[in-house]
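Position in the sequence shown counted from 1, then plus 1125, gives you the working numbering. Here a beta-carbon is modelled for each residue, glycine too, at the ideal position from N, C-alpha and C. This one's a predicted model, so the numbers in the text were calculated from it and none came from an experiment.
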Amino acid sequence: MVNLSNITRRERAFFLAYDQGLEHGPSDFNDENIDPQKIIEIAKSGFFTGIIFQKGIAEKYYKKNSSLPPLIVKLNGKTKLQDNINPLSLLLCTIDEALSLGAKAVGYTVYLGSSHEEEMLSELAQVVREAHEKSIPVIGWMYPRGEKIKNPHDPEITAYAARIGLELGCDMVKVFYPGTLLSAKEVVRAAGETKVVFSGGEFRDEDEVIRQAKEAIAAGAAGLAIGRNIWQRKNSLEISEKLSNIIFGQSEILINSR
Ligand code: FBP
């Protein structure tokens, strides 16, 4: 397995995701967080072990700022304007481009259950091959989505998604949170040696985000890759600190098995 030490701290990961401008468009943003520089300022807090950008923002903002966490470049993407019943997300950035931008890891989304699944699986396999030749870790965004998927958060499907990441050689997978500690444990078990980070999702109550983080760590996950639940909040730094304490172990994790 490729070394993950560049994007982890004591084998734990806390990534700030900001690729939603491509995936969702400006509707995710307000007057402040539409400016990538605002997210850069949050990222400078020191709480994160990685920041996720598409190549354009990486090029225009990452390089000219210092004291930022390691860069993770998302290699593929799609807009919400296309047929999202069976989504297709293809490569938009090469591994060499990502490396020239300073990337320490690359990410690739597969929409499992889409009628285009095979194209994305095949591209991910090629990404893993090339990235590993260049000793750079690959994070698979393993997202069940397509006409065959009734419930993208179904625990069994989430565990299957994580397992596909292991089968394809991903060093880490980013999957939806399956809802409970027990199901999260199953996801981590299915992923084997491949590390698991859970995605944040839409804006939710802070208590809910904190609960999910505690359960994720108790389940054996490496951590979180989260965006909107940080930079859509007024108290971005406060919640980042709380989540960082949970992930890196400075906060007591007391949860009941659900
Ligand atoms: P969020 O925490 O904001 O959900 O970010 C995580 C992420 O995976 C982003 O990397 C990506 O842009 C977005 O969610 C995709 O969301 P969705 O799958 O709902 O379109």
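Exercise. Tell me whether Asn-1128 is buried or exposed, calling it buried when 16 or more other Cβ atoms sit within 10 Å of its Cβ.
Key: Using a 10 angstroms sphere on the CB of Asn-1128, the tally of other CB atoms stays under 16, which defines it as exposed.
Exercise. Quick one: residues in its chain with C-beta nearer than 6 Å to the C-beta of Lys-1163, no 5 flanking neighbours on either side, listed in chain order?
Key: Contacts found: Glu-1157.
Practice problem: Please classify Ser-1225: is it buried, with 16 or more other beta-carbons within 10 angstroms of its beta-carbon, or exposed? | Solution: Ser-1225 sits exposed, since fewer than 16 C-beta atoms from the chains shown fall within 10 Å of its C-beta.
Quiz item: Do Leu-1067 and Ala-1228 have their C-beta atoms within less than 7 Å of each other?
Solution: Examination of residue 1067 is not possible in this model, given that the chain is present from 1126 through 1383 alone.
Quiz item: What number of angstroms, rounded off, separates the C-alpha of Asn-1155 from the C-alpha of Arg-1134?
Solution: Taking the straight line from one Cα to the other gives about 31 Å.
Quiz item: From what residue to what residue does the alpha helix (DSSP H) around Tyr-1285 run?
Solution: Segment 1280-1293, the alpha helix (DSSP H) holding Tyr-1285.
Quiz item: Is DSSP giving Arg-1329 helix, strand or coil here?
Solution: Arg-1329 carries a coil assignment under DSSP once its states are collapsed to helix, strand and coil.
Quiz item: If you measure from the CB of Gly-1352, is any heavy atom of the ligand FBP nearer than 6 Å?
Solution: Yes, the ligand FBP has a heavy atom inside 6 Å of this Cβ.
Exercise. Evaluate the contact criterion for the segment 1270-1285 versus the segment 1300-1307: three or more CB pairs, one atom per stretch, below 8 Å.
Key: Yes, they touch.
Quiz item: Going by C-alpha distance, which of Phe-1328, Ser-1324, Ile-1372 and Glu-1366 is nearest Ala-1350?
Solution: Residue Ser-1324 is the option with its Cα nearest to Ala-1350.
Practice problem: Sort out for me which residues DSSP pairs Val-1298 with in a bridge. | Solution: Partner residues in the beta bridge of Val-1298, as assigned by DSSP, are Gly-1265 and Val-1321.
Exercise. Kindly provide the ranges of any beta strand (DSSP E) runs that are 3 or more residues long and lie completely inside the segment 1137-1190, ordered along the chain.
Key: Every unbroken stretch of the beta strand (DSSP E) spanning 3 or more residues and falling wholly within the segment 1137-1190 is given here in chain order: 1138-1142 and 1175-1178.
Exercise. Would you tell me roughly how many angstroms separate the C-alpha atoms of Ser-1239 and Ala-1284, rounded to the nearest one?
Key: Their Cα atoms are separated by approximately 17 Å.
Quiz item: Where does Ile-1197 sit, in a helix, a strand or coil, going by DSSP?
Solution: For Ile-1197, the three-state secondary structure derived from DSSP is strand.
Quiz item: Under the rule that 16 or more other beta-carbon atoms within 10 Å means buried, what is Arg-1383, buried or exposed?
Solution: Below a pLDDT of 50, predicted positions are generally treated as unreliable, and Arg-1383, at 45, falls in that range; the measurement from the model is reported next regardless. Answer is exposed; the Cβ neighbour count stays below 16.
Practice problem: Have a look at Lys-1259 and Lys-1188 and give me their C-alpha separation to the nearest angstrom. | Solution: Cα-Cα distance, rounded: 21 Å.
Practice problem: Taking Val-1252 as part of the alpha helix (DSSP H), name the residues at either end of that continuous run. | Solution: Note, Val-1252: alpha helix (DSSP H), 1242-1258.
Quiz item: Taking 6 Å as the cut-off, does the CB of Gly-1304 come closer than this to any heavy atom belonging to the ligand FBP?
Solution: Not so, every heavy atom of the ligand FBP lies at least 6 Å from the Cβ.
Quiz item: To which residues does DSSP link Gly-1111 through a beta bridge?
Solution: Nothing can be reported for residue 1111, as the shown portion of the chain is limited to 1126 through 1383.
Self-check item: Nearest candidate by alpha-carbon position, reference Asn-1201, set Ser-1247, Phe-1173, Thr-1174 and Ile-1159
Solution: When each option's Cα is compared against that of Asn-1201, the closest is Ser-1247.
Quiz item: Can you tell me where the beta strand (DSSP E) with Ala-1350 in it begins and where it stops?
Solution: Residues 1348-1351.
Quiz prompt | Bridge partner(s) assigned by DSSP for Arg-1134 | solution = Arg-1134 has Arg-1137 as its beta-bridge partners, per DSSP.
Exercise. Counting only the same chain and skipping the five closest in sequence on each side, list residues whose C-beta sits under 7 Å from that of Gly-1317.
Key: Only Leu-1291 meet the Cβ criterion.
Exercise. Report the three-state DSSP secondary structure of Leu-1217 (helix, strand or coil).
Key: Coil at Leu-1217, not helix or strand.
Quiz item: Cα separation between Ile-1182 and Pro-1262?
Solution: Each residue's alpha carbon lies about 20 Å from the other.
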